[in-house]
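Using full-length UniProt numbering, read the sequence shown as starting at 1 and increasing by one per residue.
Quick reminder that beta carbons are idealized off the backbone N, C-alpha and C, glycines included.
Model, not experiment: these values are computed from the prediction.
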Amino acid sequence: MLSMACAPQIRDLHTENIANLAVRARELGDVIALWYGEGDMVTPAFIRDAAKAAFDEGLTFYVPNMRGHGPLNEALSEYQTRIHGRPIPVARTTVTPGGMQALYLALELLVDTGTNVVYVAPQWPNIHNAIHLIGGEPRPFSLDYRGDWQLDLDRLFATCDARTRAIFLSTPSNPTGWTASAEEMRALLDFSRRTGIWIISDEVYGRLYFDGDVAPSILQIAEDGDRVLSVNSFSKAWAMTGWRIGWLTHPSGVADQLGAMTQYVNSGTAAPIQAGAVAAIRQGEPLVEEIRQRIRTGLDLAYDRLAQIPGIILPAKPRGGMYAFFAMEGESDARRACARILETARVGLAPGHLFGSSATAFLRMCVCRERKEIATALDRMVAAMN
């Protein structure tokens, strides 16, 4: 078999997802699919128009700076400086074709074969597989669940060893909505400074935070020389999932290396896409607030209606993200529950095993949708499960 000629970490990659449920959904028809981490809002016209204008101006050539076109790097510098309250100069940002590419560059920068990355779980499955793909050891560390999700920092730090290159966390988290506090961020940074272990903070959901304008960020306290990388994306907070554009915030001391890596991995991000992103950053604050309120409304509705279903276990309401993440009494493997809900209620949810062994009993529902669609889905679930 040709696959046997592949590198071991390629042969062993897992791509299990919701594909089987999606096939059944197509057979059933009339399914409300809430299993994807994507809103239903089309990217607004002001962003699309900026990209169109760039095409019309003839910006269809290579971007000369692999780390990003000047206007977007400048806009990101100003934006991050504003929301985090400390200077983040242009030299600290690299634009990438998607947040996943930013994550991959971060890992490629740090991870060697034989080293490990400790990641906070439950976690988006791409994280585990990206660490594995690069040749590192993915080492999951689970949040504690006691009616809500909590991080035990002492246990987390004890999970690290001499081969640990980085701690990875998502905050707010996909799928739990757990959000690191400012105190926890300070403890992580102090640990990094003591040990030399890097902190990779996935802050893609940072603006989808319900207790303020932006979730606590490692960038609010880190100095330029700290071993800190922050992964971000335009996908969620600016309704740009299909545009494939993100960014990595990093120490200026690794900018040249990241520029070289970008040249050989993706050769830069298309100029018209970057033009749309500039418009999103400079004009998009009302949009961010609209999306945040849409999620808050969907989450409130989900918690109200799910509480009407016998046996539903609802954690404390998340502080950020775009998901309701809940369990069912007596159900240790949510795959069965997801299949049953799909058949009886025609609602598609993501089973928790995709996010790690600590989440197998949980189901994830994306609530970044029009209120009417969320209400219809929940009405179906209440009717089918009562």
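Assigned secondary structure, residue i (DSSP; H/G/I helix, E/B strand, else coil)
i, result
"Asn20", "helix"
"Phe210", "coil"
"Asn73", "helix"
"Gly352", "helix"
"Trp247", "strand"
"Arg369", "coil"
"Asp40", "coil"
"Ser233", "strand"
"Leu59", "coil"
"Arg380", "helix"
"Ala269", "Residue identity check: residue 269 is Thr in the sequence provided, not Ala. Three-state result, Thr269: coil."
"Gly253", "helix"
"Met240", "coil"
"Met385", "helix"
Range covered by the alpha helix (DSSP H) that runs through residue i
i, result
"Thr159", "Leu153 to Thr159"
"Cys338", "Ala334 to Ala345"
"Arg193", "Ala182 to Thr195"
"Gln220", "Gln220 -> no alpha helix (DSSP H), and no H or E assigned at all."
"Pro175", "That residue, Pro175, is in no alpha helix (DSSP H); it is neither H nor E in DSSP."
"Arg11", "Pro8 to Arg11"
Residues bridged to residue i [DSSP beta-bridge criterion]
i, result
"Pro310", "Pro310 is not bridged to any residue."
"Gly225", "In DSSP, Gly225 forms no bridge with anything."
"Ile32", "Val347"
"Met261", "DSSP lists no partner for Met261."
"Ala164", "Correcting the residue identity first, residue 164 is Thr in this sequence and not Ala. BP columns for Thr164 point to Asn116."
"Arg26", "For Arg26, which the question treats as bridged, DSSP gives no partner whatsoever."
"Phe362", "Ala327"
"Ser170", "Asp202"
Own chain residues within Cβ distance below 7 Å of residue i, not counting five before or after
i, result
"Glu184", "Leu151 and Leu153"
"Pro138", "Val117, Tyr119, His128, Ile131 and His132"
"Val382", "Arg305, Gln308 and Ile309"
"Ala182", "Pro216"
"Glu370", "Asp40"
"Arg24", "Leu342"
"Tyr79", "Ile281"
"Met365", "Leu34, Ala302, Tyr323, Ala324 and Leu349"
"Arg346", "Leu28, Asp30, Val31, Ile32 and Arg380"
Other residues of its chain near residue i: CB distance less than 6 Å, five sequence neighbours each side excluded
i, result
"Glu38", "Thr241"
"Pro71", "Val278"
"Ala50", "Ala275, Gly276 and Ala279"
"Trp35", "Ile18, Gly348, Leu349 and Ala350"
"Pro315", "Asp148"
"Trp124", "Asn174"
"Pro318", "Gly177"
Other residues of its chain near residue i: CB distance less than 8 Å, five sequence neighbours each side excluded
i, result
"Ala158", "none"
"Phe213", "One point to set straight first is that residue 213 is Asp, not Phe, in the sequence displayed. Same-chain partners within the cutoff: Ile83 and Arg207."
"Leu156", "Val118, Val120, Phe141 and Ile167"
"Gly102", "Residue identity check: residue 102 is Ala in the sequence provided, not Gly. For Ala102, where only same-chain residues beyond five positions count, the Cβ hits under 8 Å are Thr94, Thr96, Val231, Asn232, Ser233, Gly246, Trp247 and Leu248."
First through last residue of the beta strand (DSSP E) which encompasses residue i
i, result
"Glu50", "This sequence places Ala at residue 50; Glu is not what is there. Careful: Ala50 lies outside any beta strand (DSSP E), inside the alpha helix (DSSP H) at Ala45 to Asp56."
"Ser201", "Trp198 to Asp202"
Beta carbon proximity, residue i to chain D, threshold 8 Å
i, result
"Ala102", "Of the chains in the structure shown, none is chain D; there is only one protein chain."
Minimum length 4: unbroken alpha helix (DSSP H) runs contained in the segment 275-327: Within the segment 275-327, complete alpha helix (DSSP H) segments of at least 4 residues are found at 285-306, given in chain order.
Beta strand (DSSP E) segments (min. 3 residues) lying fully within the segment 83-162: Within the segment 83-162, the complete beta strand (DSSP E) runs of at least 3 residues are 93-96, 116-121 and 137-142.
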